[in-house]
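So the sequence lines, in the order shown, correspond to chains P and C. Residue numbering for the first sequence follows the numbering used here, beginning at 1 and increasing consecutively. Residue numbering for the second sequence follows the numbering used here, beginning at 1001 and increasing consecutively. C-beta atoms are modelled at their ideal positions from N, C-alpha and C, and glycine is treated no differently.
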Amino acid sequence: MTPAYLPRRVTIAVLQVLGVAVAVFALSALLPGDTAVVVLGKHGTPEQIEALRRELGLDEPFGQRLLEWFTGLLRGDLGTSLLTGAPVTAEISDGLATTAVLTATTLAVIVPLALAVGVLTGLRQGSPLDRTVNSVIVMLDSIPEFALGLLLVALFSLRLGWLPPTAAGLSGTSLITHPAVLVLPVAVLVCKQLCALARQIRIGVAEANTAEYARHARMHGLRERTVLLRHVLPNAAAPSVQQFARTVDGLLGGVVVVEALFALPGLGSGFVDAVMARDLPTVQGYALVFAATTVTVNLLADITAYRLVPRHRGSP
Amino acid sequence: MNTGGISRRRVLSGTMGALALGPLAACGTSTGAGSSDNRLRVAFSTSGDRESLDPHTSTLFVDQARSKALFDTLLGYDQDMSPVPRLAESWEPDETGKRWRIRLREARFHDNEPVTAEDVLYSYRRIADPATGSPAQPQLSGVDFEASGANSDRELVIVLSEPDFTFPTAMGAPATEIVPAGTTDFGEPIGSGPFRFVSFETGGSAVFERFADHWNGAPKPDELEFVSVDEEDARVSALLSGQVHYSHDIGANSVATVDNDSRARILATPYSTMQAVAFKVDRPPFNDNRVLRAVLSGVDREALVKVVLNERGELGNDLFGKGLKYYPEEIPQRERDVDHARALLREADAEGLEFELHTSSADPYFEPAANLISEQLGEIGLKVRPRVGPSETYYSDIRKKGVAGHTRTATLPITSYLSKRLRESSVSANYTGYDSAEFDGLYDQAVATRDEKKREELLADAQRHARNHSGMMVWGFSNWNVGVSSQVGGLTAATPNSTRWARFDEAELG
């Protein structure tokens, strides 16, 4: 790794996060209505709406509000919710725990599963097992999350009565003590995200398994298990790590639907609520969390992939 | 590498173990930690972080249901929206209709303090203060608080600035709950309702427990838990699987699903939500009454009820409040008359007129109704384009923009509706810009009339005028559906905003 690579990538990552924040701020300003209109709803008179708008600082120019938000950000202050008056960090942390439990559980299932599926099918490319497993995961990937969720609820909750259909009344770490409520949402996310990761691993394994270095290792009498663990998997891993980062991105996108369908009050639901309420500081906070997560995961994936490529291993 | 492999295997087996235990953990009806066997769980859609337990600022049904559990109002509404006693055991006006003497029943707050006349006056002052932002503010804005006062702990006199013999409707309105005098913090509220506060998380659950000393007797469930389930599909699934005992607001499409399942039933209340289009009569083209009458004649209300409401609703007659007290039943049903509508448009030189019909997903029936109405009005020679707007700012948008937009109103006393929606002064909810001295005069005369029969006649005249001139085209009334577990008794179909609605203290878990 060249000495300049890491600082350059980190600088780009920070600029990317800030760029997303500015874009979200600008786009949110284009939405019709504002928090004053949403809060007062049907009952607000034009005078009440104007008064609330002044109280919330919504009558200040766009540029000034953006500048205030940025200076707050430099002090580590994400601002306060226009709706509740609570710090935005507190608003976000409520949903963060729920989403963290949901995505961590999904990743704990999807990574070993994709690895098993990818290795098994990659080593037996073209076999009946390969074709069958591929057909199944592609089919699961093609069903929209909402439809898949409804199907699973209809079967496992309403017909068989094995699993609860929603997490109604639970959130954050209390979900861990009721793992049954996570089964269906995790299953939906796994079904949607498994295909790309497993197929990437499969391609990598198939290519590495027939590569010259693998054949050479076998000719030297190394056991098949050793060839797989020492040569095939490490070479197949580099592109798969980047696909893993895209899987994490996909999960963050997928949780919005899954959280709504299974009544999980996580980041996705909170983000949607904040947009609906035109609560700009809170929307900004969520946008930062999503952007920072995506950029960080991709940064880590790039660095890991860089390190995994054999020709870079000798670099400092 | 090997160590990592073992670790991964452990993680995997641990996860799978937890998932395998899932079905066992799912057994039983409740997922709530530490819940009692006699805990009633009810599912509502909520507004996330916007929620509060302040009863005076409540606007959503979930807010009102929680307020009903924790607090009491002086009066409630019967199914036809006529006032019935709650905390007030009697209420009488003087000859002028300006002084109301109210006697309270013996009741206690959750901290064992008695409910007094001072608590009522404090609560009403707080509601009437525009700074509170209460939706009930207009109902109490006519109270002269300087002249009003307590005669004793259990008797007070409320003085109005204008005569109003319909003032009891204000005392039963949602968001007029009585709170202990001096209350400003509703983090852990104290009320006099059938349940007392245990815990509340905005956008999440609220847990309340039985208040055994409630004036109407101890509630039947030990505990009541409100859970937030915004998606209608999820509310139906949660009900059918036994996760919750009550699911609020079930749409017409899901009613059949619940009806065909023995684990739950639908409580359907007819005439519950007025479905209407507001045509603005303060601007062209509908300031020409001939154009307004043309659209009123050109709409096929029967087809709308049949197609849009899936026949689970009632026909509208351009009047609010079918089935309620003061509804003028004698006015004949308005029928579709395409030839008459075309003739009116010709006369007004408005053939081929184009306008946008504002609609949104704020109500599930708005968009399908907009499409059908556009087709129907196309048949009389108008070019109507539905315009879909964002649901969260929809009502504010249509107040300012355009010439026509869908609207709806849940059940209210007819007098409250007439004063809130049709009087010139009701700027916040007069969607049509209807400004009629004749209507306002009839309404003011009616509420100042002591004689019930005479008042009824005056209100009928006012509604007759509004029907032809206000620009409110009421095409139907959708049913109000809630789903209840077959394990629960004691709950009956009830009009929204009535005393019997969300009466969870009477629910019996079987």
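Can you tell me the Cα-Cα spacing of Ser1241 of chain C and Leu182 of chain P, whole angstroms?
16 Å
The alpha helix (DSSP H) spanning Leu197 of chain P covers which residue range?
180 to 209
Reduced DSSP secondary structure (H/G/I, E/B, other) of Gly1149 of chain C:
strand
So, under 8 Å CB-CB, Thr84 of chain P and Leu58 of chain P are touching, yes? Tell me the CB distance rounded to an integer number of Å.
With a Cβ gap of about 16 Å, Thr84 of chain P and Leu58 of chain P do not count as contacting.
If Pro165 of chain P and Leu158 of chain P are in contact, beta carbons under 8 Å, what's the gap, nearest whole angstrom?
7 Å
Take Phe1197 of chain C as the anchor and find which of C:Ser1052, C:Ser1237, C:Arg1334 has the nearest alpha-carbon.
C:Ser1052
For the candidate residues P:Val133, P:Gly250, P:Thr45, whose alpha-carbon lies nearest to that of Glu145 of chain P?
Ranked by Cα distance from Glu145 of chain P, the first of P:Val133, P:Gly250, P:Thr45 is P:Gly250.
Are the Cβ atoms of Pro1174 of chain C and Ile1190 of chain C separated by less than 7 Å?
Result no, Cβ atoms of Pro1174 of chain C and Ile1190 of chain C do not sit closer than 7 Å.
According to DSSP, is Tyr1394 of chain C part of a helix, a strand, or is it coil?
helix
Contact criterion: CB-CB distance below 7 Å. Does Thr1393 of chain C meet it with respect to chain P?
yes
Bridge partners - Gly1076 of chain C, DSSP secondary structure assignment:
C:Val1084
Would Arg1066 of chain C be called buried (16 or more neighbouring beta carbons within 10 Å of its own) or exposed?
buried
Proximity winner among C:Ser1361, C:Gly1490, C:Lys1306, relative to Pro1219 of chain C (alpha-carbon distances)
For the residues C:Ser1361, C:Gly1490, C:Lys1306, the minimum Cα distance to Pro1219 of chain C belongs to C:Gly1490.
Expected contact under 8 Å - CB spacing of Gly1097 of chain C and Arg1086 of chain C to nearest Å
Contact flag wrong, Cβ pair sits at about 22 Å.
Might you give, ordered along the chain, the residues of its own chain that have their beta carbon closer than 6 Å to the beta carbon of Leu1324 of chain C, omitting 5 neighbours on each side?
The residues are Asp1080, Met1081, Ile1414.
With 7 Å as the threshold, decide whether the Cβ of Pro316 of chain P is near any Cβ in chain C.
Any answer about Pro316 of chain P is weak, because its pLDDT of 41 lies below 50 and its placement is not dependable; what the coordinates show is given next. Not one chain C Cβ lies under 7 Å of Pro316 of chain P.
Selected residue, minimal CA-CA separation from Val20 of chain P, among P:Phe290, P:Leu67, P:Arg307:
P:Phe290
Run down chain P in chain order and give the residues with a C-beta less than 8 Å from the C-beta of Asp1230 of chain C.
For Asp1230 of chain C, the C-beta contacts it makes with chain P under 8 Å involve Ala260, Ala263, Ser269, in order along the chain.
Is the distance from the Cβ of Phe1071 of chain C to the Cβ of Gly1193 of chain C below 7 Å?
Contact flag set, yes.
I'd like to know if Pro1023 of chain C contacts chain P, where contact means its C-beta is closer than 7 Å to some C-beta of that chain.
Any reading at Pro1023 of chain C must be qualified, since the residue scores a pLDDT of 35, below 50, and its modelled position is unreliable; no value is offered.
DSSP three-state call for Gln1445 of chain C: helix, strand or coil?
helix
Closer than 8 Å at the beta carbon, the chain C residues around Val205 of chain P:
Correct list: empty, because the minimum Cβ distance to chain C is about 16 Å.
Taking C-alpha atoms, which residue in P:Ala147, P:Leu288, P:Ser127, P:Gly172 lies nearest to Leu189 of chain P?
P:Ala147
Using a Cβ-Cβ cutoff of less than 8 Å, which residues in the same chain neighbour Gly253 of chain P once the five nearest sequence positions on both sides are dropped?
none
Using a Cβ-Cβ distance under 7 Å, would Ala13 of chain P count as near chain C?
Ala13 of chain P does not count as touching chain C.
Comparing alpha-carbon positions, which option in P:Leu113, P:Ile201, P:Ser269, P:Glu50 lies nearest Tyr286 of chain P?
Ranking P:Leu113, P:Ile201, P:Ser269, P:Glu50 by CA distance to the CA of Tyr286 of chain P puts P:Ser269 first.
Counting only beta-carbon separations shorter than 7 Å, does Ser1007 of chain C have a partner in chain P?
Here the model assigns Ser1007 of chain C a pLDDT of 36, short of 50, so the residue's position is not dependable and the matter cannot be decided.
Would you say Pro32 of chain P faces chain C, with C-beta separation under 7 Å as the test?
yes
Beta-carbon spacing of Trp1100 of chain C, Ile1178 of chain C below 7 Å
no
Among residues of its own chain, excluding the 5 on either side of Leu1377 of chain C, which ones have a beta-carbon nearer than 8 Å to its beta-carbon?
Val1295, Gly1298, Val1299, Val1384
Is there contact between the region 1 to 18 of chain P and the region 256 to 265 of chain P, where contact requires at least three CB pairs shorter than 8 Å?
Note that the region 1 to 18 of chain P does not touch the region 256 to 265 of chain P; fewer than 3 beta-carbon pairs, one per stretch, sit closer than 8 Å.
Does DSSP put Arg1010 of chain C in a helix, a strand or coil?
With a pLDDT of 37 at Arg1010 of chain C, under the threshold of 50, the predicted position of this residue should be treated as unreliable, and no value is reported.
Euclidean distance between Cα positions of Pro1368 of chain C and Val1308 of chain C
6 Å
What does a CB cutoff of less than 6 Å around Asp1363 of chain C pick up in its chain, not counting 5 residues either side in sequence?
Arg1408
Pairwise C-alpha distance: Phe1211 of chain C and Leu962 of chain C
Outside the shown range of chain C (1001 to 1510) lies residue 962 of chain C, about which nothing can therefore be said.
Residues in the same chain with beta-carbon distance under 8 Å from Gln193 of chain P, minus the five sequence neighbours each way, listed in chain order, please.
The residues are Thr106, Ile110, Thr247, Gly250, Leu251, Gly254.
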